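A.B. asks:
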Amino acid sequence: MASNVKYLNPDTIHTVQSYSHAAVTRSNTVLVETAGQVGITPEGKLLETYELQVAQAFKNLKNALAAAGATPADIVKIRFYIKDYNPSKLAALGHSLRDLVDGQNAPPSLLLSTPSLSDPKYLFEIDATAAVSYNQARMGNDKTINTDVVVVGAGLSGLQAAVDLQRAGVKCIVFETLDRIGGRTYSVQASDLNNGMVDLGAAWINDTTQDKIWALAQKYGMGTVQQRAEGWDLAEGEDGTISKQEYGSRAFAPEVWEKHVEPYLQDLDDKSKGINLELPAASARAQEFDAISVADYVREHHNHHAVLNLSASLLRSMLGVEPAECSFFFYLTYIATNYGIWNMISDRKGGGQYLRVRGGTQQFSHHLASELQNGTIKLCHPVKRISQLGDGQVRVEAGLRTVVLCKRVIVSVPTPVYSTIQFCPPLPTPKALLGQSTILGTYSKFVLVFKEPWWYEGSTPWSGCLSSAKGPIVFTRDTSFPEDNLWVITTFCVGGPGRTWSFLPEAARRRTVLDQFRKILSTGFKDIPDPIAMHEMEWGKVESCPGAPCPVTSTHVLAASAGRSMTAPFQNVHFVGTETASRSKGFMDGALRSGSRGAEEVIRSLTSATAASRL
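Note that the UniProt record's numbering has the sequence shown beginning at 1, numbered continuously upward.
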């Protein structure tokens, strides 16, 4: 059978070997577009090396074309995306391309170098456009499924909602964009020593105020370790000077603490107590505080350089944003839902950073998933369209050709991601504005795994706590598990400094982190060893949850109609996520609470609809 595509290499352009300059298609052909294909096997395993990922991606491309009735000879154009390209990476690409075209002329192509793909562990991606005849084309039929509820997103809130629904006898399906469950819980093997996991996403819980996540830890028998709270802290000032103080002591001169810093923190704590947790917009001074940013408030009421620096440091660490980017009212609400500023900044009992989980926090997601019926979760199924058809029926389109008819939908994706889904009818104006007016902070982790805990040694052992006003590292924590002989320092490149750092190529990002780390630690330690493993996670480059830990609103949003709509359903579509929680907002506990709230809403509405139909 003759090919539907003809490649052109005119004499008026330089001669090429590995691609063609142009292509034309025959008349009466159908275009075939593939999604980007990466190095994931049919079993869902992401291969580790660049060479293996290239070979697998080409196999996946060939299979995708075949599913539409196309062959490699039908390719009109092919595009290659290489993470941090250099010429040494051409060999593997050329080998797989020659195998694909099997000695024939190669199609027109485009090669792009990128600092990161949709998942930081993807090293190569390929997609193609092909043309086939109408007879060849395999249009296929949409695979239609019927169920009671569709849950969009397999993070903690979505999984908790699904578990609650099925316990109540409600049938549901969970669609997840990524090739894994867990959302912003993501645990990976620490090193080749196989002695534990490190968390590249959410990491801390406590057993005092976060009762829902703590109950799960107890239920599933998950071991925890207290955050290390001893030794000496290190701090890097804006001018590069390095200071140290014993853990728990104040990093300020006594008069600065008493006159400026403590009054600022206490002011935040006092004002947060006036927030209406169930409906923040109904709070007494909501409009006043939502009209200004945190930066505005600090300059007006606490204009001292120590407070200005502390304000930036806290917001970067908590939310990955700068003071000018965050509504003062949102900040107070965030503090209020987490039991006050003193609890939030504490690493001790009741604090936000008190306990870590042996084996990683993604276990919470896996344990919840294990409670669901087989086949409930559909990975690699981004939801594209939610159509409310009337009479209590909703049509959900996901993945390539999956269509679900259901009665209710629970959307469990961050508010800034609402815009990736086409809602029909469109979202009400306040809900749409909410999605457009929230941002996810820049939050990246660079995890250093060591063979030995060298920082425990000497006359002034390091606590693992480092703070920097310069960056790219803004703060660090000791995230070791001594019981497992696992020694880890997690560095956080967040907020403005992290944003600047994220634009660097991979090698430069690694170098700048290690250089800063060694420079600061060399003031107290000699011969700092190389890590035995390093893990980088840039949440801003994950398409389905581009940032962490919690969506933030700027001014004039949370106290307005957009903020009031945060937890409001839209007809038969309900919305959950840690940002919608009235307690533990931004934490795993808040995600679980919101998931249960969404499931309860749906169960109640389905029960009411059933009762009404019997009248």
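Glycine included, every Cβ here is placed at the ideal spot set by N, Cα and C.
This one's a predicted model, so the numbers in the text were calculated from it and none came from an experiment.
Out of Val-163, Met-534, Leu-558 and Ala-591, point me to the one whose CA is closest to Ser-191's CA.
C.D. replies: With distances taken between Cα atoms, Ser-191 lies closest to Met-534.
A.B. asks: Below 7 Å between beta carbons: does that hold for Arg-408 and Asn-146?
C.D. replies: In this structure, Asn-146 does not lie closer than 7 Å to Arg-408 by Cβ.
A.B. asks: Answer yes or no: the CB of Asp-515 versus the heavy atoms of the ligand NAD, is any distance below 6 Å?
C.D. replies: Absence of the ligand NAD from the depicted structure is noted, as is the absence of any ligand whatsoever, leaving it without description.
A.B. asks: According to DSSP, Leu-111 sits in a beta bridge with which residue or residues?
C.D. replies: For Leu-111, which the question treats as bridged, DSSP gives the partners Phe-80.
A.B. asks: In or out: Ile-13 buried (at least 16 other Cβ within 10 Å) or exposed?
C.D. replies: Burial call: exposed.
A.B. asks: Pick helix, strand or coil for residue 619, following the three-state DSSP scheme.
C.D. replies: Since the first residue of the chain shown is 1 and the last is 615, residue 619 is not available in this structure.
A.B. asks: According to DSSP, is Phe-175 helix, strand or coil?
C.D. replies: Phe-175: strand per DSSP, three-state reduction.
A.B. asks: For Pro-425, does the count of other Cβ atoms within 10 angstroms reach 16, so buried, or fall short, so exposed?
C.D. replies: With fewer than 16 Cβ atoms within 10 Å of its Cβ, Pro-425 is classed as exposed.
A.B. asks: Determine the DSSP secondary structure at Ile-292, reduced to helix, strand or coil.
C.D. replies: Three-state DSSP puts Ile-292 in coil, outside helix and strand.
A.B. asks: Using the three-state DSSP reduction, which class does Ser-327 fall into: helix, strand or coil?
C.D. replies: Ser-327: strand per DSSP, three-state reduction.
A.B. asks: Could you give the uninterrupted runs of the alpha helix (DSSP H) lying entirely in the region 227 to 297, keeping only those of 4 residues or more?
C.D. replies: Listed in chain order, the complete alpha helix (DSSP H) runs (minimum 4 residues) inside the region 227 to 297 are 262 to 272 and 286 to 290.
A.B. asks: For the beta strand (DSSP E) that Leu-389 lies in, which residues bound it at each end?
C.D. replies: 383 to 390 is the span of the beta strand (DSSP E), which, as asked, contains Leu-389.
A.B. asks: Are the beta-carbon atoms of Ala-131 and Val-5 separated by less than 7 Å?
C.D. replies: Cβ atoms of Ala-131 and Val-5: closer than 7 Å.
A.B. asks: Thinking just about the alpha-carbon of each residue, which of Val-552, Ala-281 and Thr-490 is nearest to the one in Ser-561?
C.D. replies: It is Ala-281 whose Cα lies nearest to the Cα of Ser-561.
A.B. asks: Take the Cβ of Glu-125 as the centre, count every other Cβ of all protein chains shown within 10 Å, and call the residue buried at 16 or more, exposed below.
C.D. replies: When all chains shown are included, Glu-125 counts as buried.
A.B. asks: Taking the beta carbon of Lys-519 as the centre, do at least 16 other beta carbons fall within 10 Å, making it buried, or is it exposed?
C.D. replies: Result: exposed.
A.B. asks: Mapping the DSSP letters down to three states, classify Thr-567 as helix, strand or coil.
C.D. replies: In this structure, Thr-567 counts as coil in the three-state DSSP scheme.
A.B. asks: So who's on the other strand from Thr-361, going by DSSP bridges?
C.D. replies: For Thr-361, which the question treats as bridged, DSSP gives no partner whatsoever.
A.B. asks: Using only alpha-carbon positions, find the residue among Pro-551, Ala-253 and Ser-584 that is nearest to Thr-436.
C.D. replies: Note that residue 436 corresponds to Gln in the displayed sequence, not to Thr. Ranking Pro-551, Ala-253 and Ser-584 by Cα distance to Gln-436 puts Pro-551 first.
A.B. asks: Quick check: the region 199 to 217 against the region 383 to 400, are at least 3 beta-carbon pairs closer than 8 Å?
C.D. replies: Touching, no.
A.B. asks: Taking only the alpha-carbon atoms, compute the straight-line gap between Asn-195 and Ala-508 and give it to the nearest angstrom.
C.D. replies: Those two C-alpha atoms are separated by around 29 Å.
A.B. asks: Which partner residues of His-502 appear in the DSSP bridge assignment?
C.D. replies: Note that residue 502 is Ser in the sequence shown here, rather than His. Its beta-bridge partners do not exist; DSSP assigns none.
A.B. asks: Closer than 6 Å by C-beta to Arg-26: which residues in its own chain qualify, once you throw out the five before and the five after it? Chain order, please.
C.D. replies: The answer, listed in chain order, is Asn-4.
A.B. asks: For the structure I just gave you, are there three or more beta carbon pairs, one from the region 168 to 183 and one from the region 372 to 387, closer than 8 Å?
C.D. replies: Enough Cβ pairs lie closer than 8 Å, so yes.
A.B. asks: Of the residues Trp-232, Leu-47 and Leu-97, which one's Cα is nearest the Cα of Ser-459?
C.D. replies: Cα-wise, what sits closest to Ser-459 is Trp-232.
A.B. asks: Check the DSSP bridge columns for Thr-490 and list the partner residues they point to.
C.D. replies: DSSP, once it has assigned bridges, lists Val-447 and Arg-477 as partnering Thr-490.
A.B. asks: Which residue from Lys-45, Phe-570, His-302 and Leu-308 puts its Cα closest to that of Ser-387?
C.D. replies: It is Phe-570.
A.B. asks: Could you tell me which of Gly-69, Asp-74 and Ser-96 sits nearest to Gly-39, measuring between CA atoms?
C.D. replies: Of Gly-69, Asp-74 and Ser-96, the residue nearest in Cα terms is Ser-96.
A.B. asks: Mapping DSSP to helix, strand and coil, what is His-95?
C.D. replies: Helix.
A.B. asks: Leaving aside the five residues before and after Ser-109 along the sequence, list all residues of the same chain whose C-beta is less than 6 Å from its C-beta, in chain order.
C.D. replies: Cβ within range, chain order: Tyr-19 and Ile-78.
A.B. asks: Mark Met-1 as exposed unless 16 or more other C-beta atoms lie within 10 angstroms of its C-beta, in which case mark it buried.
C.D. replies: Only weak support exists for where Met-1 lies, its pLDDT of 44 falling under 50; the value from the coordinates is given anyway. Exposed, since its Cβ has fewer than 16 Cβ neighbours within 10 Å.
A.B. asks: Taking the CB atoms as reference points, tell me whether Asp-148 and Ser-596 lie closer together than 7 Å.
C.D. replies: Not a contact, by the Cβ cut-off of 7 Å.
A.B. asks: Which value, in whole angstroms, describes the spacing of the CA atoms of Ala-35 and Ala-70?
C.D. replies: So the two alpha carbons sit approximately 14 Å from each other.
A.B. asks: Is Leu-319 closer than 7 Å to Gly-441 when the C-beta atoms are compared?
C.D. replies: The answer is yes: Cβ separation under 7 Å.
A.B. asks: State the DSSP-derived secondary structure class of Leu-466, mapped to helix, strand or coil.
C.D. replies: If DSSP states are grouped into helix, strand and coil, Leu-466 belongs with the strands.
A.B. asks: Decide if Leu-368 is buried, meaning its Cβ has at least 16 other Cβ atoms within 10 Å, or exposed.
C.D. replies: Flag for Leu-368 reads buried.
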